[in-house]
Amino acid sequence: MNISVISFDGDMTLWDFRKVMRHSLKQTLTELQRQVPTQRALELTIDEMIWLRDQYANEVKGKIWNLLEIRQGAFEQTLEYVGYPDKKLAAHLNAIYRKHRFEDIELYPDVIPTFDVLAQHFKLGLLSNGNTYPERCGLEDYFAFVIFSQDVQVEKPDPQIFEITVQQAGCEFSQLLHVGDSLENDVTGANNVGAHTVWLNRDGVENTTDAQPDYEVHSLTEIPTILGIDR
Ligand SMILES: [Mg+2]
């Protein structure tokens, strides 16, 4: 292997997106229930809010790329769902969501120790379908490039976003190692263009798909060893 660049997925690879998303929705739900006097509002759950958001995201797929705009639309739909349509209130809820979503994000504890080692040997970058920008979690100095699907309007596993990655990184596909938790978006996406892949399997789940990662790790701290780096 002749790897010179490592690209990392963001959500569930560097930070626990699901945890911060649920926590932020809980704060938002509390405010919604304070302001909306319907029975359906009182009975609304976080799982329903997630379901409504995913439904809406599917409806506008390929039309709206900005994730905060999608979230805003999802809150509008949520208020309709509880029988209380109100765009102004949806914007207020979105502001509460956004505050927690971005201020309460935490890195997994293996990120900084691993980056400190890898940054001495490789060019590092971020390749994300999400919207947590590195400066929101103190990672901005580690990355030589950052690519967000909502900015380039193409998302993993589409080969185009990996082409954008090697252009920005200034390398060939064979020199790129991509690390991520999604077998479809990260592993298959990067394999399809001929890049090397690490599947981050934090929970030790079984791979029941056709995706064939070059390496599987349970923690990011295993990556330097794979790449032959002595600590
Ligand atoms: Mg991910």
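Take any residue in the sequence shown, note its place counting from 1, add 214, and you have its number in the numbering used here. Using N, Cα and C, we set each Cβ at its ideal position, and we do this for glycine too. Since the model is a prediction, treat every value here as computed from it, not as a measurement.
One or two residues paired with residue i in a DSSP bridge
{"i": "isoleucine 220", "result": "Leu338, Leu391"}
{"i": "valine 431", "result": "Leu414"}
{"i": "leucine 321", "result": "Trp229"}
Closest residue to residue i among the options (Cα-Cα distance)
{"i": "isoleucine 220", "options": "Glu294, Arg416, Ser396, Leu390", "result": "Leu390"}
{"i": "alanine 271", "options": "Arg248, Thr292, Val412", "result": "Thr292"}
{"i": "proline 371", "options": "Thr379, Leu353, Thr402, Phe387", "result": "Thr402"}
{"i": "aspartate 395", "options": "Glu262, Pro327, Ala425, Glu377", "result": "Ala425"}
{"i": "leucine 414", "options": "Leu281, Trp229, Ser218", "result": "Trp229"}
{"i": "lysine 277", "options": "Val368, Ala358, Lys337", "result": "Val368"}
{"i": "glutamate 273", "options": "Leu282, Ala288, Met263, Thr411", "result": "Ala288"}
{"i": "threonine 422", "options": "Glu398, Thr411, Arg416", "result": "Glu398"}
{"i": "alanine 409", "options": "Val393, Gly418, Val419", "result": "Val393"}
{"i": "tyrosine 311", "options": "Arg232, Arg285, Pro427, Asn216", "result": "Arg285"}
{"i": "threonine 242", "options": "Asn216, Ser218, Glu290", "result": "Glu290"}
{"i": "serine 218", "options": "Thr435, Pro427, Gly384, Ala404", "result": "Gly384"}
{"i": "proline 327", "options": "Lys301, Tyr356, Val366", "result": "Tyr356"}
{"i": "arginine 267", "options": "Ala404, Leu434, Ala304, Thr439", "result": "Ala304"}
{"i": "aspartate 400", "options": "Val325, Glu420, Phe359, Glu430", "result": "Glu430"}
{"i": "alanine 358", "options": "Asn280, Val380, Val412", "result": "Val380"}
{"i": "asparagine 280", "options": "Glu294, Thr346, Ile437, Glu386", "result": "Thr346"}
{"i": "proline 251", "options": "Ile443, Phe231, Asp300", "result": "Asp300"}
{"i": "leucine 307", "options": "Gln247, Asn216, Glu436, Val407", "result": "Gln247"}
{"i": "aspartate 417", "options": "Ser433, Met215, Ala404, Asn406", "result": "Ser433"}
{"i": "threonine 244", "options": "Lys233, Met263, Phe231, Pro427", "result": "Met263"}
{"i": "leucine 338", "options": "Gln253, Gly297, Asn406, Ile437", "result": "Ile437"}
{"i": "leucine 282", "options": "Asp365, Met215, Pro427", "result": "Asp365"}
{"i": "tyrosine 298", "options": "Gln249, Gln269, Phe329, Lys275", "result": "Gln249"}
Where the beta strand (DSSP E) through residue i begins and ends
{"i": "phenylalanine 362", "result": "359-362"}
Span of the alpha helix (DSSP H) around residue i
{"i": "glutamine 374", "result": "373-383"}
{"i": "phenylalanine 423", "result": "Before going further, note that residue 423 is threonine rather than phenylalanine in the sequence given. From DSSP, threonine 423 is part of no alpha helix (DSSP H); its letter is neither H nor E."}
{"i": "glutamine 367", "result": "First-last for glutamine 367: undefined, no H or E at that position."}
{"i": "isoleucine 260", "result": "260-273"}
{"i": "tyrosine 295", "result": "281-295"}
{"i": "arginine 254", "result": "253-257"}
{"i": "glycine 408", "result": "No alpha helix (DSSP H) contains glycine 408, which DSSP labels as neither H nor E."}
{"i": "threonine 439", "result": "437-440"}
C-beta neighbour in chain D for residue i, strict 7 Å
{"i": "isoleucine 310", "result": "No chain D is present in this structure, which holds just one protein chain."}
*Examine the Cβ distances between the stretch 317-326 and the stretch 229-239 and report whether three or more of them are shorter than 8 Å.*
yes
*Pairing CB atoms from the stretch 252-261 with CB atoms from the stretch 327-344, are three or more of them under 8 Å?*
no
*Between the stretch 334-354 and the stretch 220-229, are three or more C-beta pairs nearer than 8 Å?*
yes
_Any contact between the stretch 344-356 and the stretch 374-388? By contact I mean 3 or more CB pairs, one from each, below 8 Å._
no
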